[in-house]
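Student: To start, I am sharing the structure in question, which I have written as structure tokens.
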Amino acid sequence: MGSAAPAAPASRAVAAPDSPPAAFRSRILELVGRIPSGRVMTYGQLALLAGNPGAARQAGFVMNGLMGGTELPWHRVINAQGRVSTHKVGFGDMQEGLLRAEGIVLDASGRCDLKALQWWPDESREAPPEPLF
DNA sequence: ATGGTGACTGTAC
DNA sequence: CGTACAGCCACCA
């Protein structure tokens with residue numbers, strides 16, 4: 001044997017199932033699906049928990065792929081400022097409405113108390129939520 | 001291969 | 001508080 005060596009994939013045209021981007025995307029979706037109602041997560045947080053700290057933009061790009069056709073609580077994903085960043089894709093008002101429907105209070109500027117509403121999976125103790133009061 | 005863009009973030013002014 | 005700049009990683013032309 002030694003003739004047909006699979007060698008390395010000539011070109012990674014599309015992210016393979018084992019490809020880092022694919023795993024990253026799967027973890028993002030999994031985390032989003034675990035966000036409880038009335039809670040939120042940030043893009044940077046998702047990227048961090050997905051194993052790609054600093055890839056907050058990619059986290060957002062993954063969400064972009066959900067647009068319509070997803071049952072995940074995508075609306076619970078906001079930016080580090082505590083505000084929705086979907087106004088660029090035309091879902092800003094829709095997301096804010098969904099958040100308010102869950103009891104999340106948005107400031108006049110559309111900002112919420114991220115420090116109190118940000119949710120972290122029990123498994124990851126990266127940043128244990130401090131006692132509210 | 002190169003360059004530009006983006007549902008981001010943190011620091012600086 | 002807001003705006004501006006740089007760093008960051010992956011997708012697309």
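If you read the first sequence in UniProt numbering, its first letter stands for residue 1, the second for the next number, and so on.
For every residue, glycine included, the Cβ atom is placed at its ideal position computed from N, Cα and C.
Bear in mind the structure is a predicted one, so any value in this text is a computation, not a measurement.
Tell me which same chain residues have a C-beta within less than 8 Å of the C-beta of L114, skipping the five on either side of it?
Tutor: Translated into the one-based positions of the first sequence, residue 114 becomes position 114. Result list for L114: V40, T42, I78, A80, Q81, G82, in chain order.
Student: I need the straight-line Cα distance from A55 to G90, nearest angstrom please.
Tutor: Here residue 55 refers to the residue found at position 55 of the first sequence. Here residue 90 refers to the residue found at position 90 of the first sequence. Cα to Cα, the separation comes out at about 23 Å.
Student: Nearest to W120 by alpha carbon, out of S26, P20, R25, S37?
Tutor: Position 120 of the first sequence holds residue 120. Taking only the C-alpha atoms, the option nearest W120 is S37.
Student: Going by other Cβ atoms of all chains shown within 10 Å of its Cβ, with 16 needed for buried, is V32 buried or exposed?
Tutor: Here residue 32 refers to the residue found at position 32 when the first sequence is read from its first residue. Looking at its Cβ environment, which holds 16 or more other Cβ atoms inside 10 Å, V32 is buried.
Student: Note down, in chain order, each residue of its chain lying with its Cβ closer than 6 Å to the Cβ of G92, except the 5 sequence neighbours on either side.
Tutor: In the first sequence, residue 92 corresponds to position 92, counting from 1. Within the same chain, G92 has close Cβ partners V84, T86.
Student: So I104 and P73 are supposed to be a Cβ contact under 8 Å. How far apart are they, rounded?
Tutor: Here the question's residue 104 lines up with position 104 in the first sequence. Here the question's residue 73 lines up with position 73 in the first sequence. I104 to P73, Cβ: 12 Å. No contact.
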